[in-house]
Amino acid sequence: MVAKVWFMLKLLMFQGLFTSPPPDPGFDFFYLALQWPGAYCDTKRACCYPTTGKPAADFGIHGLWPNYNNGSYPSNCDPSNEFDPSEISDLVSTLQTKWPTLSCPSNEGYKFWEHEWEKHGTCSESVMDQHGYFEKTLALRDRINLLQILTDAGIKPNDEFYKLKHIKKAIKRATGVIPVVNCNKDPEKNSQLHEILFCVDKSATEFIDCPMPTDRCPYSRIQFAKF
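Residues -19 to -1, 1 to 208 (mature numbering (1 follows the signal peptide of the UniProt record, and there is no 0)) make up the sequence shown, in order.
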């Protein structure tokens, strides 16, 4: 009996020595970028709704972007792995709702998704394939009802101005993490709430505190534009 136990322990030790560790994905974390359509359209003054119609007045996905802790990021990592629409055929209707395009001319969204996969998604191939990239991004977005979080805190898309610290405090209270907030400017030079970036671990499953939580909002009070 003792010999058998010793044999099993040696076997486990041997297997442990030769078990390959999970491959390093080559980056440190992801940004999940959620975009407010009102700010995009107000700034561009030339946004085009998708062929499926005007998107809902809600935060849509911009992308899931691998990043390094030093602030830089990899891009276009595998030109041979081109976007294949057939890989995401079962996700298209959901993508059109939650990951819509506002670029002109109006289109179905495939060009937008192609850009996001080839620039950013190919840099996460060690973590997920093309279908997994879009599926995981949608799942992450569903875990954060960002518009509800803000409106519950009295921060509404009504063209009013709000303090940046109140926006971040509301999100921290609801999610447990502090995001990065990016602003743009409308033609009247108002600083607008444009994007909110959440940091996600390398496996694209858990939200984490951002290594470099630097906001791109130069003003303490920013406008939450109507859409």
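For each residue, glycine too, the CB sits at the ideal point set by N, CA and C.
Asked, Found
"Beta-carbon proximity check, glutamine 16 vs histidine 43, cutoff 8 Å", "yes"
"Helix, strand or coil at phenylalanine 188 [DSSP, three-state]", "strand"
"For glutamate 176, the three-state DSSP class (helix, strand or coil)", "strand"
"DSSP-derived helix/strand/coil call for cysteine 22", "helix"
"Distance CB(cysteine 180)-CB(serine 172) smaller than 8 Å", "no"
"Residue of Tyr91, Leu83, Pro81 and Leu178 minimising C-alpha distance to isoleucine 69", "Tyr91"
"Nearest neighbour of isoleucine 136, chosen from Gly52, Phe205, Asn88 and Tyr30 [CA to CA]", "Phe205"
"Pairwise C-alpha distance: asparagine 51 and residue 220", "The requested residue 220 does not occur in the structure, where the chain is confined to residues -19 to 208."
"CB of leucine 131 within 8 Å of CB of proline 160, strictly", "no"
"CA nearest to the CA of phenylalanine 142, picked from Leu174, Glu97 and Gln129", "Leu174"
"Own chain, CB closer than 7 Å to alanine 27, minus 5 neighbours either side, in chain order", "Cys85"
"Beta-carbon gap between isoleucine 189 and valine 158 smaller than 8 Å", "yes"
"Through-space distance from leucine 45 to valine 108, alpha-carbon basis", "13 Å"
"Reduced DSSP category for glycine 90 - H, G, I as helix; E, B as strand; rest coil", "coil"
"3-residue-minimum beta strand (DSSP E) runs that sit fully inside the region 26 to 109, ordered along the chain", "41 to 48"
"Backbone secondary structure at tyrosine 12 - three-state DSSP", "strand"
"Neighbourhood of serine 105 by C-beta distance below 8 Å, restricted to the same chain and skipping five residues each side", "Pro6, Phe8, Phe11, Leu45, Pro47, Tyr114 and Ala185"
"One or two residues paired with isoleucine 203 in a DSSP bridge", "Tyr143"
"Under the three-state DSSP convention, the category lysine 137 falls into", "coil"
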